[in-house]
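Heads up: take any position in the sequence shown, counting from 1, add 1191, and you land on our numbering. Just so you know, even glycine gets a beta-carbon here, dropped at the ideal spot from N, CA and C. Everything on this sheet refers to the single structure shown next.
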Amino acid sequence: MVDITHQAAINPASARDVAMARAPVPLAAVDAGQWRALAQRAIEPNGYYLPAWELAVSASARGRTDASALTAFDDSSVRLIGLMPVVSLWRALKIPGPALVSAHPYGTLCSPLLDRDAPLEAAARLLQQAREAGAHALVLTDVALDGAAMASLEQVLKRDGLKPRILSSYIRASLDATQDGETLLREALGAKKLKELRRQRHRLEEHGPVAFEIARSSDEIGRALESFLQLESSGWKGKRGTALVQHAGDATFIRRAVPALAETAQCEIVTLRAGATPIAAGIVLRHGDRAFFFKLGIDERFARYSPGVQLTLDLTRHLCADPTIASADSTANADHPMINPIWRGRFAIGDVLIPLRRNDPVVGLIHAALTTLRLAHDTARKVVHMIRRTRRIA
């Protein structure tokens, strides 16, 4: 995946090494059975790097196709012990340079899969394969900074005299699902807010009996997914053109991934109905003892009843009552106005630059380019936010 021409532009002397390098394998070439087995043994769950999900993303999702993978095997060369989907720095960010970047799996989590029985060996071999591919650095995006996968990578880097650089970070919401659901909600929202939400729910019942439904089986999941896609496209995401169903590749990906994960009990769709009308729905992935709240769609005609909040309250009770789930990742942005007041757990997510060689000047150039790009993006976001706020005021 490393673009040899871009590497040669920065470090011409290494062009021959790159030509001889062992490149990452196409993601679709990774044995799916080995991948699934590794996922079952992963030291840190990541529902977005489950094979059924990431292969569907790489096959058709807009701007995310044709990813490759760094792979690590044990001494027998038979057992897969590590996997990190990647693309080139040029492809990811249009920056010329010999680096590999986490392949974005649509969900905002790119922590690699490392075998819990050999996490340090797996981390070391992934880093070594990146070196053999000609990369001078890895850029891990949306990685859990305090997670077990990052801790393993840091331990290997320290042993090699290397230190990762955090490019950016933020704190996002999570759910401690080991608690009693009602107690957790009462402590998070308070009696007054819960009373107001119950009042809204009673008013919602004027449109028909309110029911929380969970689709898991193959027959249920297809219908529930189409209902979710319709809800998502009917709201602000549809107005902005970012709803999944509005892009053929995205629609193909989600219609492939969700049923495939449902077959292994790793995906469910939760729906809140008022009578026969679905008013909110969400896709939830499961990996190990962790759930991942992927996306939410609501019927904005029912906005006065807080349908997204009502669905999340029921989802919270559902996950807390499930003994197989210990935590849930909101996969939301920082300071998300809906989920943050409800799910009060917090953990750090960030982008990390990992140097692969000591005292490498090329890494400094890559770091400078990434910093410049981030500053430009931050400025653009502030301008867009200001324009939207001005329009609301007008």
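- Query: Taking the C-alpha atoms as reference points, what is the distance between A1467 and S1418?
  - Reply: 12 Å
- Indicate the three-state DSSP secondary structure (helix, strand or coil) for V1334 in the structure shown. strand
- Query: Taking C-beta to C-beta, are L1463 and Q1501 nearer than 8 Å?
  - Reply: yes
- Item | Straight-line Cα distance separating A1250 from V1449 | 14 Å
- Minimum length 3: unbroken beta strand (DSSP E) runs contained in the stretch 1353–1409: 1356–1367 and 1401–1406
- Does the stretch 1228–1236 come close enough to the stretch 1281–1296 that 3 or more CB-CB pairs lie under 8 Å? no
- Message: If I follow the unbroken alpha helix (DSSP H) through H1527, where does it start and stop?
- Response: That residue, H1527, is in no alpha helix (DSSP H); it is neither H nor E in DSSP.
- Query: Is it true that the stretch 1216–1223 meets the stretch 1280–1289, where meeting means three or more beta-carbon pairs spaced less than 8 Å apart?
  - Reply: no
- Message: My assumption, with CB atoms under 8 Å, is that G1415 sits in contact with I1460. Please give the rounded CB distance.
- Response: Here residue 1415 turns out to be Ala, not Gly, going by the sequence shown. Correct: roughly 4 Å between the Cβ atoms.
- Message: Is it buried or exposed, G1499, if we count other Cβ atoms within 10 angstroms and call 16 or more buried?
- Response: buried
- Pick out the complete alpha helix (DSSP H) segments inside the stretch 1229–1264, 4 residues or longer, and give them in chain order. Counting only runs of 4 or more, we get 1242–1251.
- Message: Output needed for I1470: all residues of its chain with C-beta closer than 7 Å, excluding positions within five of it in sequence on either side, in chain order.
- Response: Spatial neighbours of I1470 in its own chain (CB-CB distance under 7 Å, excluding positions within 5 residues in sequence) are listed in chain order as L1463, R1464, I1489, D1490, F1493 and P1498.
- Complete beta strand (DSSP E) runs within the stretch 1285–1309 (minimum length 3 residues, chain order): 1290–1293
- Message: How far does the alpha helix (DSSP H) with I1445 in it extend, from its first residue to its last?
- Response: Start and end: A1439 to A1453.
- Query: How long is the line joining the alpha carbons of P1215 and L1241, rounded to whole angstroms?
  - Reply: 18 Å
- Between which two residues does the beta strand (DSSP E) harbouring D1520 extend? S1518 to D1520
- Are A1364 and I1530 touching if we call contact CB-CB under 8 Å? yes
- Cβ-based neighbour list, P1236, same chain, cut-off 6 Å, excluding 5 preceding and 5 following: H1478, G1479 and R1481
- Task: Classify W1427 as buried or exposed, calling it buried when 16 or more other Cβ atoms lie within 10 Å of its own Cβ.
- Result: exposed
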